[in-house]
Amino acid sequence: MEDCLFCDFSNDELIEEGECSYARCDGYPVSEHHTLIIPKRHVASFFELDEVEVIDMYRMALKMKARIESMDKTVSGFNVGINVGRDAGQSIFHVHMHLMPRRKGDIDNPQGGVRGVIPSKRTYVRKGGSGSVVPAPTGSRS
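All residue numbers for the sequence shown refer to our numbering, where the first residue is 68 and numbers rise by one.
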């Protein structure tokens, strides 16, 4: 598609190319080695991808995870995310998966992970000794 940042995958930021997807460095990285996994076919929503494309993206994510871990031994976790729709934060309407390496101590309290996109839902407390996790009370809910 004309004028789509992700439809041109022949640029310097390309890391690896697969059958249906490719990996590139994020232009505005959240963490060092923040990588984008992008299908070659231009579709806005993850839910428009076919099974072959989803599997190819997954395989590319596994390759990039291994690559990142081999390059940087301080990586101890990952956040993986896909924003679908403007209200979920999507700003480029060509599907892309974020693979964000994390390191111990990179933020004070990582508990809740991707739930932090809605700040009031991020914090958790453990309930009893059961090991179950429930959101921390935040006052009245509507």
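All C-beta atoms, glycine included, are put in the ideal place defined by N, C-alpha and C.
Selection from the options that minimises the alpha carbon distance to residue i
i	options	result
E69	S98, H109 and T141	H109
N150	V142, G144 and I159	I159
D93	G85, L72, F113 and S112	L72
S86	Y95, I105 and D79	Checking the sequence, you will find Glu at residue 86 rather than Ser. Nearest of Y95, I105 and D79 to E86, Cα basis: I105.
R153	E120, E83 and A111	A111
E120	R134, E84 and D175	E84
G156	C74, G183, D75 and I122	G183
E136	E118, R170 and L116	R170
Beta carbon of residue i nearer than 8 Å to that of residue j
i	j	result
P177	V142	no
H165	L81	no
M124	S77	no
K132	F145	yes
G172	T190	no
Whole-Å CB distance - residue i paired with residue j, under 8 Å assumed
i	j	result
V147	A128	7 Å
D139	H101	That belief does not hold up - the Cβ atoms of D139 and H101 are roughly 12 Å apart, past 8 Å.
V181	F113	At roughly 14 Å, the Cβ-Cβ gap does not stay under 8 Å, so V181 and F113 are not in contact.
Extent of the continuous beta strand (DSSP E) run through residue i
i	result
A90	S88 to C92
R134	That residue, R134, is in no beta strand (DSSP E); its alpha helix (DSSP H) goes E118 to M138.
L166	M164 to R170
Endpoints, alpha helix (DSSP H) assigned at residue i
i	result
E83	Looking at the DSSP string, E83 is not in any alpha helix (DSSP H); the run it does join, the beta strand (DSSP E), is L81 to E84.
S143	No alpha helix (DSSP H) holds S143; the beta strand (DSSP E) holding it covers V142 to G148.
R108	Unbroken run through R108: none, as it is neither H nor E.
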